[in-house]
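Okay, so here's the structure we're looking at.
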Amino acid sequence: MTSTHARLRDEGGGEPPVMEGADGERLPAEIVLRRAACTGDLERMRAALAQGADVNWSDMRRAPTSTDESSPVTGDTALHIAAQYGHMDAAVLLCQAGADVEARSRIGSTALHRAASEGHANVVAFLAEQMGASVHAVNKIGNTALHAAVCARQPAAAAELIRAMRGDGIHARNNIGMRAVDYADGCRDLQTLFDGP
559 MTSTHARLRD
569 EGGGEPPVME
579 GADGERLPAE
589 IVLRRAACTG
599 DLERMRAALA
609 QGADVNWSDM
619 RRAPTSTDES
629 SPVTGDTALH
639 IAAQYGHMDA
649 AVLLCQAGAD
659 VEARSRIGST
669 ALHRAASEGH
679 ANVVAFLAEQ
689 MGASVHAVNK
699 IGNTALHAAV
709 CARQPAAAAE
719 LIRAMRGDGI
729 HARNNIGMRA
739 VDYADGCRDL
749 QTLFDGP
């Protein structure tokens with residue numbers, strides 16, 4: 559039994575759902591779900607959800623001494639991961655399964671922040687317009703998803719966010735007083751998004 563398996567059992571008071579991972583190892587369904595979200599493997603995601611995987615599980619809920627995963631604790635849910643990699647169908651599936659679009663990572667980012675910073679405008683539009691994700695949500699340094707898109711030089715994602723904001727809050731300042739437009743220096747595609755009519 560892995561330490562994640564033991565922790566999930568302890569948290570839920572019973573045996574957590576366990577299934578075979580892509581490489582044949584036995585893993586908690588939540589781990590399989592997260593790994594499948596990373597690759598956009600809808601079949602494996604559906605199987606993990608059918609096995610009872612918690613769609614909102616994040617690695618912040620694992621034991622700090624856990625050795626079953628070598629990656630650092632991010633606090634990402636499967637939706638954060640699907641959004642980061644631009645897997646639109648995976649994001650839709652997770653939202654249909656009840657994923658919390660406002661779930662926060664360890665640094666306070668939402669799935670919308672992740673999609674925006676990676677330039678996945680279609681996922682940004684889906685989360686903001688169809689799922690009602692807050693376009694005004696800020697992470698621990700006060701950045702909105704618009705800050706994230708502009709800092710990462712992602713004009714298509716920034717345009718989707720500005721459209722979803724409908725002019726409200728596009729000049730919000732982060733914890734150091736910077737607006738998203740302040741990060742657009744030197745990138746005409748981004749600067750023109752902030753030009754008024």
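Just so you know, the sequence shown maps onto residues 559 to 755 in the numbering used here. In this text, a Cβ means the ideal position worked out from N, Cα and C, and glycines have one as well. This one's a predicted model, so the numbers in the text were calculated from it and none came from an experiment.
Between residue i and the ligand ADP, is the CB less than 7 Å from at least one heavy atom?
i           : result
residue 642 : This structure lacks the ligand ADP; in fact it carries no ligand of any kind.
From the DSSP output, read off the bridge partner residues of residue i.
i           : result
residue 664 : Looking at the DSSP assignment, residue 664 forms no beta bridge with any residue, so it has no partner.
residue 816 : No statement about residue 816 is possible, as the shown extent of the chain runs from 559 to 755 and does not include it.
What is the DSSP secondary structure of residue i, counted as helix, strand or coil?
i           : result
residue 593 : helix
residue 722 : helix
residue 747 : helix
residue 675 : helix
residue 659 : coil
residue 612 : coil
residue 647 : helix
residue 686 : helix
residue 712 : coil
residue 680 : helix
residue 617 : helix
residue 638 : helix
residue 691 : coil
residue 742 : coil
residue 624 : Note that residue 624 has pLDDT 46, beneath the 50 cutoff, so the model's placement of it is unreliable and no number is given.
residue 559 : Legend: pLDDT at residue 559 = 39, less than 50; position of this residue unreliable, value from coordinates given subsequently. In the structure shown, residue 559 sits in coil (DSSP, three-state: anything other than H, G, I, E or B).
Tell me whether residue i is buried or exposed, calling it buried when 16 or more other Cβ atoms sit within 10 Å of its Cβ.
i           : result
residue 639 : buried
residue 601 : exposed
residue 688 : exposed
residue 660 : exposed
residue 733 : exposed
residue 705 : buried
residue 753 : exposed
residue 586 : buried
residue 630 : exposed
residue 671 : buried
residue 634 : buried
residue 793 : There is no way to answer for residue 793, as the model of the chain reaches only from 559 to 755.
residue 750 : exposed
residue 617 : buried
Item to check | Sufficient close CB pairs (3 or more, under 8 Å) joining the stretch 609-621 to the stretch 639-646 | outcome: The stretch 639-646 and the stretch 609-621 do not touch, with fewer than three beta-carbon pairs separated by less than 8 Å.
Checklist entry - Using 8 Å as the Cβ pair cut-off and three pairs as the minimum, do the stretch 709-716 and the stretch 690-698 touch? => result Judged by Cβ distances under 8 Å, the stretch 709-716 makes no contact with the stretch 690-698, as fewer than three pairs qualify.
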